[in-house]
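Here's the structure, in structure tokens; my notes come after.
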Amino acid sequence: MAEIEALASPRPVLPPGANWQTDPMIHRLPQFADFVGLVERHAAVVARFLELKSTELVMSGCWANINPPGGRNSVHSHPNNFLSGSYYVSLPGGQGSITFDDPRPQAHVMMPPSTCRNAYNSNVVTLEVKPGRMVFFPAWLGHSVPINRTGQDRVSIAFNLMFPNYVTDASPALWRGTVPVADQP
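In our numbering, each residue's number is its place in the sequence shown (first place is 1) plus 680.
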């Protein structure tokens with residue numbers, strides 16, 4: 681928290697509903713080296729869980745978010761990355777949430793009534809978080825953070841992860857042609 685406060689000082693006065701972010705480069709600062717190592721080690725665990733051939737992921741961007749009272753993060757995704765995540769530094773009242781939206785454009789067309797909305801019958805999933813928790817998710821998945829309705833700042837560190845050798849590790853075609861290459865014109 682002290683390192684984030686140092687980066688944020690002096691912080692400009694923000695209009696209602698706005699949030700403050702550092703540039704997405706704090707992973708390059710020596711004071712965040714231990715944090716980067718922690719994230720990359722846990723990202724390898726996620727990659728193993730997903731049974732990926734390459735489990736090495738490196739941080740491609742990292743930034744601090746400060747949501748003052750009334751601040752929020754609208755629905756967005758993180759292009760050109762494989763995984764994204766957030767580490768929760770300070771949450772007023774010790775609780776917070778992140779909401780993930782169903783990426784299917786027509787998911788709302790068929791929403792039968794249910795006795796209780798949950799992760800299996802809804803097109804929105806909200807995950808409750810607390811200080812010290814780290815959450816990983818696909819970078820393409822739309823997500824948002826609700827309005828901070830407390831009188832204190834909500835602080836998190838967001839990050840993106842990508843394969844260090846994307847062309848060789850993750851982008852080769854998943855199929856083979858039926859005509860041998862030597863026989864093609």
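The beta-carbon is built from N, C-alpha and C at its ideal position, and this holds for glycine as well. For clarity, every value in this text was computed on a predicted model and none was experimentally measured.
Per DSSP, Y846 has no beta-bridge partner at all. R784 and Y846 have their C-alpha atoms roughly 26 Å apart. Around the CB of P710, fewer than 16 other CB atoms lie within 10 Å, so the residue is classed as exposed. By the CB criterion at 8 Å, L694 and P748 fall inside the cutoff.
A distance below 6 Å between beta-carbons, with the five flanking residues on each side excluded, links S766 to the following residues of its chain, in chain order: V815, S836 and A838.
Around the Cβ of R834, a 10 Å sphere holds 16 or more other Cβ atoms; the residue is buried. Distance from F780 to H823 at the Cβ level is roughly 5 Å; contact confirmed, criterion being Cβ atoms closer than 8 Å. Setting aside the 5 residues that flank it on each side, Q701 is surrounded in the same chain by W743 and N745, each with a C-beta closer than 6 Å to its C-beta; the list follows chain order. The C-alpha of G697 is placed about 19 Å away from the C-alpha of G773.
Remark: C-beta atoms of M681 and V716 do not approach each other more closely than 8 Å. Of the candidates T806, F843 and L737, the residue whose Cα lies closest to the Cα of L718 is L737. Under the criterion of beta carbons closer than 8 Å, P811 and S770 qualify as touching, at roughly 6 Å.
Taking the CA atoms as reference points, V755 sits about 10 Å from L821. DSSP assignment within the region 686 to 747 yields the following whole alpha helix (DSSP H) runs of 4 residues or more, N-terminal first: 713 to 729. DSSP lists V825 as the bridge partner or partners of N753. For D782, the closest alpha carbon among the candidates G857, N803 and R797 is that of N803. In chain order, W700 and I746 place their CB closer than 8 Å to the CB of R691, counting only its own chain and leaving out the 5 sequence neighbours on each side.
If you draw a straight line from the Cα of R813 to the Cα of A850, it is about 28 Å long.
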